[in-house]
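In my numbering, the protein residues as written are 467 to 997. Every residue, glycine too, gets a C-beta built ideally from N, C-alpha and C. As the structure is a prediction and not an experimental result, all values here were calculated from the model. In what follows, a single structure is set out as structure tokens and then discussed.
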Amino acid sequence: MLVTERPTALYDKACQLIFARLGTNLPPVTSAEDDIERVEALLERCPVGGLIFFNGQWPGARAIIARAQAASRYPLLVGADIERGIGQEVRGATLFPHARAFSAIGDDAPEEAETLVEEAAQVTAREARACGIHITFAPVADVNLTPKNPIIATRAFGDEPQGVARLVRAYLRGCQAEGMLTTPKHFPGHGRTTADPHAEMPLVDAPREELEATDFVPFRAAFEEGADLVMTAHVAFPALTGNDQTPATGSKTIMRGLLRDEMGFEGPVVSDSLIMGAVKDTQDPGAQAAALVEAGVDLLLDPDDPEAVAEGIVDAVERGALPEARVDEALARVWRLKDALVERHGRDGAFPTTDEHNPEESAQVGGPEHQRLSKHIAREAVTVMDNGAGALPLSTQQGEKMAFIRLAAGEHADNVLLAKSVQETFPQARYYAAGPDVEQRELEILRREAADADTVVLALRVEPAAWHDFGLTPSQQRFAEALVEEHPTVVAALGSSHVLEDFPGAVARLCAYSDVPASQQALVAALIKPH
């Protein structure tokens, strides 16, 4: 059963190769609800092939996406960055811990980790379908080989290729069971980078044989498991391309030679976001987009100006710089996804244009059963790295003074739930929070408060984030090191475990691998659990 007739006009075909954004988490932050009128107007002028959904809420997200479908002359594929569940982009839906939390479970129980990844992926797919989202831009199939990678880190399933491959396969199986389209990323690998492509183009100088033995392994596994799409890396690989200026996204050698010819992948290739500094062309985004399509990209994700991109593709075809057959090839891949969705869910089920819904399906979104799974994963993931001084479990007695200090490297950290969990578990605790902009005088006050405490807990929230360096700020780092040196301190990580390496003098160290609400609660609970 066909979705509808494919577009035949060159401009419409070019538009179909674009995924425009609906909502944004970037300044000025705009909810999907507040952005829908802009998108409806865009669809009148430029019938894009799909949308990338940001910053919605449940149950409004479903109605907003249905409005977009109703405004479009062709059915829209809707994708989202939902590595950690729909709750990552839809408030009120289920949010899971970061990928590294699953592999922490797998360190002792690999089969359990695979089962939990598969179950979390199924939940993600069910909740996505209830919202009208078809594509998860996940899993992250990168092997995190740089401990302080600024943009991958805990988003990856770990640093061991075969282990990452097993969990990538499990994620794909879970999504496939519920009819969700999957997008392993960032091909051919983003785990070795030390720079953030949102700001600049990273370069990986590893030889081909090293890439084969590590970075490529999870992607080959994903393709064998039936991945639907693949997302590119805005990363240069001189060993593969012969130069250090071309990102994988724009390399015909990588996109056609390695991906298509060698690895045999036949699904659509989607670029990583085109607003990222590593590839953003402010002078001529249309010409750049045409060059990416010519190199092998089928879907252009999140350009600043979709209309300029479509016009650039048309211009390139008319000038003979881009064969129209290449546009048709990309369009055919996009259309196969739409047809597959209709075949599985029916026309109205795949691309609903009204807010009608299945009450039983909708009731599951963010529901108790899904939340229990997230909390279980978070609890199982918490790892005590060392407790040589016997500091854990901590006392909850009123008579003992506790200073609980949370340092967050990013400004978007949610502080409310952690504070609530600490105060409920440790009635005697004084809770303090300091973000990246904390002033030195405030840190000095915290040092004095810690000096008056019997127990000090230092919780470090360090996660990969766009346009940010990895790790604490210099002033936060100096404060943390002084605190551990001056007082018996328990250091806990709400994110990467590698930050704990800087504090060997801590009386105990433990890691939750994530800062999502379930992980915050699990970390606090672990402080009173016998180890």
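Would residue i pass as a contact of residue j if the rule is Cβ separation under 8 Å?
| i | j | result |
| --- | --- | --- |
| Ala755 | Gly778 | yes |
| Leu633 | Val583 | yes |
| Val957 | Leu926 | yes |
| Arg639 | Glu691 | yes |
| Gln482 | Pro493 | no |
| Ala570 | Thr849 | yes |
| Ile484 | Ala665 | no |
| Gln863 | Gln894 | yes |
| Arg539 | Pro513 | yes |
| Arg511 | Glu773 | yes |
| Leu706 | Arg658 | no |
| Lys718 | Ala672 | no |
Please state the DSSP three-state secondary structure of residue i.
| i | result |
| --- | --- |
| Arg658 | coil |
| Ala486 | strand |
| Gln986 | helix |
| Tyr637 | helix |
| Gln830 | coil |
| Ala699 | coil |
| Ser980 | coil |
| Phe945 | helix |
| Leu924 | strand |
| Gly553 | helix |
| Arg845 | helix |
| Gln863 | coil |
| Ile779 | helix |
| Phe653 | strand |
| Gly629 | helix |
| Met467 | Summary for Met467: the model assigns pLDDT 44, below 50, so the residue's position carries little reliability; its value from the coordinates is reported in the next sentence. DSSP places Met467 in coil when its eight states are reduced to three. |
| Gly522 | strand |
| Val759 | helix |
Who are the near neighbours of residue i in its chain, counting only those whose CB is closer than 7 Å to its CB and skipping five residues on each side?
| i | result |
| --- | --- |
| Asp771 | Pro751 |
| Ala687 | Ala631, Val634, Arg635 |
| Arg423 | With the chain represented from 467 up to 997, any question about residue 423 goes unanswered, as that position is not in the structure. |
| Arg621 | Glu549, His564, Ala565, Val606, Pro930 |
| Asp478 | Pro513 |
Quick one: give me the first and last residue of the alpha helix (DSSP H) that residue i is part of.
| i | result |
| --- | --- |
| Tyr477 | 476-481 |
| Phe568 | 565-572 |
| Val745 | Run containing Val745: none; DSSP gives neither H nor E here. |
| Leu938 | Careful: Leu938 lies outside any alpha helix (DSSP H) and carries neither H nor E. |
| Cys977 | No alpha helix (DSSP H) contains Cys977, which is instead part of the beta strand (DSSP E) from 974-977. |
| Ala959 | Not the alpha helix (DSSP H): Ala959 falls in the beta strand (DSSP E), residues 955-959. |
| Val850 | Run containing Val850: none in the alpha helix (DSSP H); it sits in the beta strand (DSSP E), 849-852. |
| Thr999 | Given that the chain is displayed from residue 467 to residue 997, the structure contains no residue 999 and the question cannot be resolved. |
| Cys597 | 576-597 |
| Leu492 | From DSSP, Leu492 is part of no alpha helix (DSSP H); its letter is neither H nor E. |
| Ala885 | 882-891 |
Please report how far the alpha carbon of residue i lies from the alpha carbon of residue j, in whole angstroms.
| i | j | result |
| --- | --- | --- |
| Ala753 | Val780 | 10 Å |
| Ala679 | Leu724 | 15 Å |
| Pro859 | Val990 | 11 Å |
| Met467 | Asp805 | Because the pLDDT at Met467 is just 44, under 50, the model does not fix this residue reliably, and the point stays unresolved. |
| Val965 | Leu938 | 9 Å |
| Pro983 | Ala782 | 48 Å |
| Gly971 | Glu947 | 9 Å |
| Ala587 | Arg896 | 38 Å |
| Pro650 | Phe731 | 12 Å |
| Glu499 | Gln830 | 22 Å |
| Arg913 | Asp852 | 24 Å |
| Val696 | Phe945 | 42 Å |
| Thr891 | Met646 | 39 Å |
| Glu951 | His652 | 40 Å |
| Ala643 | Arg533 | 27 Å |
| Pro954 | Asp574 | 29 Å |
| Ser980 | Ile618 | 13 Å |
| His997 | Ala919 | 23 Å |
| Ser737 | Asp608 | 16 Å |
| Gly558 | Pro825 | 16 Å |
Hey, quick one: how far does the beta strand (DSSP E) through residue i stretch, first residue to last?
| i | result |
| --- | --- |
| Gly516 | 516-519 |
| Asp547 | Premise fails: Asp547 is in no beta strand (DSSP E) and is neither H nor E. |
| Ile871 | 868-874 |
| Thr715 | Counting along the chain, Thr715 falls outside any beta strand (DSSP E), and DSSP gives it neither H nor E. |
| Thr819 | No beta strand (DSSP E) holds Thr819; DSSP gives it neither H nor E. |
| Gly900 | Residue 900 is actually Ala in this sequence, not Gly. Its beta strand (DSSP E) spans residues 895-900. |
If you drop the 5 nearest sequence neighbours on each side, which residues of the same chain put their C-beta closer than 6 Å to that of residue i?
| i | result |
| --- | --- |
| Ala816 | Leu807, Val808 |
| Leu669 | Ala702, Asp710 |
| Tyr637 | Val583, Ala587, Pro605 |
| Glu846 | Ile571 |
| Asp764 | Pro734, Val735, Ala796, Arg799 |
Could you pull out every residue in the same chain whose Cβ sits closer than 8 Å to the Cβ of residue i, ignoring the five residues on either side in sequence?
| i | result |
| --- | --- |
| Lys841 | Ala984, Gln987, Ala988 |
| Ser497 | Gly489, Asn521, Gly522, Gln523 |
Using a Cβ-based criterion (distance less than 7 Å to any ligand heavy atom), does residue i qualify as near the ligand FMN?
| i | result |
| --- | --- |
| Phe519 | Of the ligands one can find in the structure shown there are none, so the ligand FMN has no counterpart to examine. |
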